[in-house]
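A short write-up of the structure that comes next.
Numbering (my numbering), first residue to last: 25 to 218.
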């Protein structure tokens, strides 16, 4: 896989503060994924503390704001200081933290959400990313990931079966949405109530 820092710095340098600056194909693609995540989390957002892992410029929060949806508490996390600085300027009254989901200590939340954050991780780092989000969530995680068995030097694909097997091993309820974009799936992994 390619270097995460280089990948995003190159996109940002070329396209600036825009969805393409975060390596999205377009604003429409970004928002279709946000829509799928929102559909999965719909009943939970306004009553939950949510951490947005790989928040970029705070676009998911701004998307929710445009729909009149406000989490009980929202924290954006990104490993790029520049993105955190931009997000903090664009969105007031929420916390943005520079942290690496794979290495740093993380805040606890009801839900962890990741949109686009898994697209260029290695296989090992993908599972570690999901594990770390689960470890720091009370209720579960929601994320999108490229779907299929494709092998790529740049992008990370997982099959529905791989995700369902992971959920089964972890004793998580698994809900997967597909069909909104080619080769993409959005996933909710929810912890069983104790």
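Positions of the beta carbon are idealized from the N, C-alpha and C atoms, including for glycine.
field: Cβ-based neighbour list, residue 134, same chain, cut-off 6 Å, excluding 5 preceding and 5 following
entry: If we look at residue 134 and ignore the five residues flanking it on each side, its Cβ neighbours are 72, 73, 162, 163.
message: Please list the terminal residues of the continuous alpha helix (DSSP H) segment that includes residue 150.
response: In the DSSP assignment, residue 150 falls within the unbroken alpha helix (DSSP H) covering 147-159.
message: According to DSSP, is residue 210 part of a helix, a strand, or is it coil?
response: Strand at residue 210.
- prompt: Leaving out five residues before and five after residue 172 in sequence, what residues of the same chain have Cβ atoms less than 6 Å from its Cβ?
  reply: The answer, listed in chain order, is 181, 207.
query: So what does DSSP say about residue 183, is it helix, strand or coil?
result: In the three-state DSSP reduction, residue 183 falls in the coil class, being neither helix nor strand.
Distance, residue 190 Cα to residue 88 Cα: Taking the straight line joining both Cα atoms gives about 29 Å.
query: Beta carbon of residue 60, beta carbon of residue 165: below 9 Å?
result: With contacts defined by Cβ atoms closer than 9 Å, residue 60 and residue 165 do not form a contacting pair.
- request: On a CA-only basis, which of 110, 167, 155 is nearest residue 65? Give me that one, please.
  value: Comparing Cα-Cα distances from residue 65 to each of 110, 167, 155, the minimum goes to 167.
query: At which residue ranges does the stretch 62-149 contain complete alpha helix (DSSP H) runs of 4 or more residues, listed in the order of the chain?
result: You should have 83-90, 105-114.
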